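Each remark here refers to the structure printed beneath this line.
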Amino acid sequence: MATDILMPQMGESIVEGTITKWLKKPGDKVQRDEPLFEISTDKVDAEIPAPASGVLQDIKVAEGATVQVNTVVGSIAAEGEAPAVGAKAAASAPAKVESVTAKAAPVASAPAAPVAEDASEDEHARSSPLVRKIARDHDVNLAQVPGTGLGGRITKQDIMEFVERREAAPAPSASAPVAAPVVASAPSPAKAPASAPTSSVPAAIPGDVVPMTQMRKIIAQRMIESRRTSAHVHCMFEVDITHIVHLRNKMKAGFEQRHGARLTFMPFFVRAAIIGLQQYPIVNASLQGDNIKYNRHVSVGIAVALDWGLIVPVLKNADVLNFLGLQRGITDLGERSRTKKLKPEEVEGSTFTVTNPGQFGAVFGLPIINQPNSAIMGVGGITKAPVVVTDKEGNDSIAIRSLVHLTLGYDHRLIDGAVADQFMALVKKTLENWQEEVG
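According to the working numbering, the sequence shown holds residues 1127 to 1565 in order.
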């Protein structure tokens, strides 16, 4: 008996989903709970595991198609039961899938080759496309990397730590030979696309017209709705974070050894924002008709840029977390956003949002408010610049300092300019006079 593969319901309010990529083709062997295909909904993108072990018998819904939840999108036959059916499906299904892919949303195309390239690696080296890209970039055999994720899955942190340890080793020659078997074992047809961009959005060809991905449609809709809903105003503050830069540089090695988590700048900004939101709760509030809802806790949306779009997972009740809890939560949300492991409820319920355009070199940004929030803080790039510094005696001098520009986008219907500036002044003061224990 074949096992039906259903379009899952990723949340109570979700009624349909778009298949963006099949990770297997008809005739391939699959293991129960192994990632089988990827979907996009109006809440979240996700990898869907196989409901049973066996052979992918057929694909009934091609990449790029949107169907109702509980629709049968394919089937899995018990291994050895229906080889003829599998072979027939393998011969016929690709034409259907490829024809849809050619005119479907860009998210459905480019990543297929990396999946095929890594299919021959050790069964225990379970990993995401992002991890496999990092491994290829650094000539790492994933079979050599211990995974700390669920079921031994290799996380981004696992591969980055492995790379850093190898690069720090005095004799790099020990790690170099292991890269060769990975390339040698890859099927030759998949070798050529290996150097292609791993983004889910293919390079644009002048003159082409392609449909928007499901995620891009949702982003477009929500950005327009936010602009129409909120009276957007922005203010910007220059912040001297020299002390924080020195503190992080001094503590990051020990922090990672003690806690198994990399020390980044983001928890500093999130903590400073939380302190400001507790002092100015109107910035953490939201409008509900003619009423103002003052949220009991601070739940921070962390904007994550993906190869195929943007998502804002939420660090729930961030105000009750210590610094280590913030760092671990931010890292976890970022990793699971990129590997499509978020649940629908994890992208809902934010009361304030932080976005970081500075990671790409932007000096500052003017972000659009993430509804139903009333404010969003943008973190610009950290740069060194000459600054006039005044000592305790009032003497001025010029010094090289690490500066960052923070922007607050706020809804002027709810938040007055004076309050927004006072909130940001407190954020600035907290960062420039950092006192909290980092761990």
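We put the CB at the ideal spot given by N, CA and C, even for glycine. Fair warning: this is a prediction, and the values are worked out from it, not measured in the lab.
For Trp-1560 and Gly-1535, the rounded distance between their alpha carbons: As a position in the sequence shown, residue 1535 is number 409, starting the count at 1. As a position in the sequence shown, residue 1560 is number 434, starting the count at 1. The alpha-carbon atoms of Gly-1535 and Trp-1560 are separated by roughly 24 angstroms.
Please name the residue in Ile-1524, Ile-1494, Thr-1129, Met-1136 whose C-alpha comes closest to that of Lys-1466. Walking along the sequence shown from the start, residue 1466 turns up at place 340. For Lys-1466, the nearest C-alpha among the options comes from Met-1136.
Paired residues, beta bridge with Trp-1148 - DSSP: Here residue 1148 is taken as the residue at index 22 of the sequence shown, counted from 1. Its beta-bridge partners are Phe-1163.
Does the pairing of the stretch 1541-1555 with the stretch 1380-1390 give three or more beta-carbon distances under 8 angstroms? With the cut-off at 8 angstroms, the stretch 1541-1555 and the stretch 1380-1390 do not touch.
Grouping DSSP H, G and I as helix and E and B as strand, with all else coil, what is Gly-1507? Counting from one through the sequence shown, the residue named residue 1507 turns up at place 381. Three-state DSSP puts Gly-1507 in coil, outside helix and strand.
Do you know offhand how far Ser-1500's Cα is from Met-1392's? Within the sequence shown, the letter at position 374 stands for residue 1500. Within the sequence shown, the letter at position 266 stands for residue 1392. Near 21 angstroms, if we compare the C-alpha coordinates of Met-1392 and Ser-1500.
Would you grab the beta carbon distance between Met-1341 and Gly-1427 for me? Rounded to a whole angstrom, and I think it's under 8 angstroms. Here residue 1341 refers to the residue found at position 215 when the sequence shown is read from its first residue. Here residue 1427 refers to the residue found at position 301 when the sequence shown is read from its first residue. Not quite, the Cβ-Cβ distance comes to about 16 angstroms (not below 8 angstroms), so this is no contact.
For Phe-1490, which three-state DSSP category applies? Numbered from its first residue, the sequence shown carries residue 1490 at position 364. Of the three classes helix, strand and coil, the one that applies to Phe-1490 here is coil, per DSSP.
Return the CA-CA distance between Gln-1497 and Arg-1354, expressed in angstroms with no decimal places. What you label residue 1497 is simply residue 371 of the sequence shown in a count that begins at 1. What you label residue 1354 is simply residue 228 of the sequence shown in a count that begins at 1. Each residue's alpha carbon lies about 11 angstroms from the other.
As assigned by DSSP and simplified to three states, the class of Phe-1391: Position 265 of the sequence shown holds residue 1391. Of the three classes helix, strand and coil, the one that applies to Phe-1391 here is coil, per DSSP.
C-beta atoms of Ile-1367 and Val-1505 nearer than 8 angstroms: One-based indexing of the sequence shown puts residue 1367 at position 241. One-based indexing of the sequence shown puts residue 1505 at position 379. No, the Cβ-Cβ distance between Ile-1367 and Val-1505 is not below 8 angstroms.
Taking only three categories from DSSP, how would you classify Lys-1378? Translated into the one-based positions of the sequence shown, residue 1378 becomes position 252. Here Lys-1378 sits in helix by DSSP.
Could you give the C-beta distance for Ile-1140 and Phe-1163, rounded to a whole number, given that I count them as a contact under 8 angstroms? Position 14 of the sequence shown, counted from the start, is the residue given in the question as residue 1140. Position 37 of the sequence shown, counted from the start, is the residue given in the question as residue 1163. About 16 angstroms; that fails the 8 angstroms criterion.
For Val-1195 and Asp-1130, believed in contact at Cβ under 8 angstroms, the rounded distance: Taking the sequence shown and counting its residues from 1, the one referred to as residue 1130 is at position 4. Taking the sequence shown and counting its residues from 1, the one referred to as residue 1195 is at position 69. Incorrect: roughly 13 angstroms between the Cβ atoms, too far for contact.
Just list the residues that DSSP pairs Gly-1535 with in beta bridges. The residue given as residue 1535 occupies position 409 in the sequence shown. DSSP lists His-1360, Ile-1502 as partners of Gly-1535.
Less than 8 angstroms between the beta carbons of Asp-1537 and Ser-1356, yes or no? Locating residue 1537 in the sequence shown gives position 411, where the first residue counts as 1. Locating residue 1356 in the sequence shown gives position 230, where the first residue counts as 1. In contact: Asp-1537 and Ser-1356 (Cβ atoms closer than 8 angstroms).
Per DSSP, which residues does Pro-1142 bridge with? Please list them. Looking up residue 1142 in the sequence shown gives position 16. Checking the sequence shown, residue 1142 turns out to be Glu, not Pro. For Glu-1142, which the question treats as bridged, DSSP gives the partners Gln-1194.
Evaluate Thr-1556 with the Cβ neighbour count: other Cβ atoms within 10 Å of its Cβ, from every protein chain shown; 16 or more gives buried, anything less gives exposed. On the sequence shown, position 430 is the one that residue 1556 refers to. Classification for Thr-1556: buried.
May I ask you to verify whether the stretch 1177-1189 touches the stretch 1479-1497, counting CB pairs closer than 8 angstroms and requiring at least 3? no
Buried/exposed call for Ala-1511, threshold 16 Cβ in 10 Å: As a first step, residue 1511 must be located in the sequence shown, where it is residue number 385. Its Cβ having fewer than 16 others within 10 Å, Ala-1511 is exposed.
Reducing DSSP to helix, strand and coil, say where Leu-1413 ends up. Counting from one through the sequence shown, the residue named residue 1413 turns up at place 287. Of the three classes helix, strand and coil, the one that applies to Leu-1413 here is strand, per DSSP.
With which residues is Thr-1481 paired in a DSSP beta bridge? Within the sequence shown, residue 1481 is the residue found at index 355, counting from 1. Note: Thr-1481 sits in a beta bridge opposite Gly-1504.
Cβ separation of Asn-1417 and Thr-1477, assumed to be a contact under 8 angstroms, to the nearest whole Å: For the purposes of this step, residue 1417 is identified with residue 291 of the sequence shown, where counting begins at 1. For the purposes of this step, residue 1477 is identified with residue 351 of the sequence shown, where counting begins at 1. Not confirmed; about 16 angstroms, so no contact.
Using only CA atoms, which one of Asp-1458, Met-1286, Met-1362 lies nearest to Asp-1263? The count along the sequence shown starts at 1 and reaches residue 1263 at position 137. The candidate whose alpha carbon is nearest that of Asp-1263 is Met-1286.
Give me whichever residues DSSP pairs with Thr-1516 in a beta bridge. Here residue 1516 refers to the residue found at position 390 of the sequence shown. Per DSSP, Asp-1522.
With a threshold of 7 angstroms on Cβ separation, who are the neighbours of Val-1553 within its own chain once the five nearest residues in sequence on each side are excluded? Along the sequence shown, read from residue 1 onward, the residue named residue 1553 stands at position 427. Here the set comprises Ala-1398, Ala-1399, Gly-1402, Leu-1532.
Residue range of the beta strand (DSSP E) that Asp-1171 falls in? For the purposes of this step, residue 1171 is taken as residue 45 along the sequence shown, with counting starting at 1. Note, Asp-1171: beta strand (DSSP E), 1171-1175.
Determine the extent of the beta strand (DSSP E) in which Val-1553 is found, giving its start and end residues. If you number the sequence shown from 1, residue 1553 lands on position 427. Where Val-1553 is concerned, there is no enclosing beta strand (DSSP E), although the alpha helix (DSSP H) around it starts and stops at 1543-1558.
Whole beta strand (DSSP E) elements within the stretch 1414-1485, 3-residue minimum: 1417-1419, 1426-1428, 1430-1432, 1435-1437, 1478-1481
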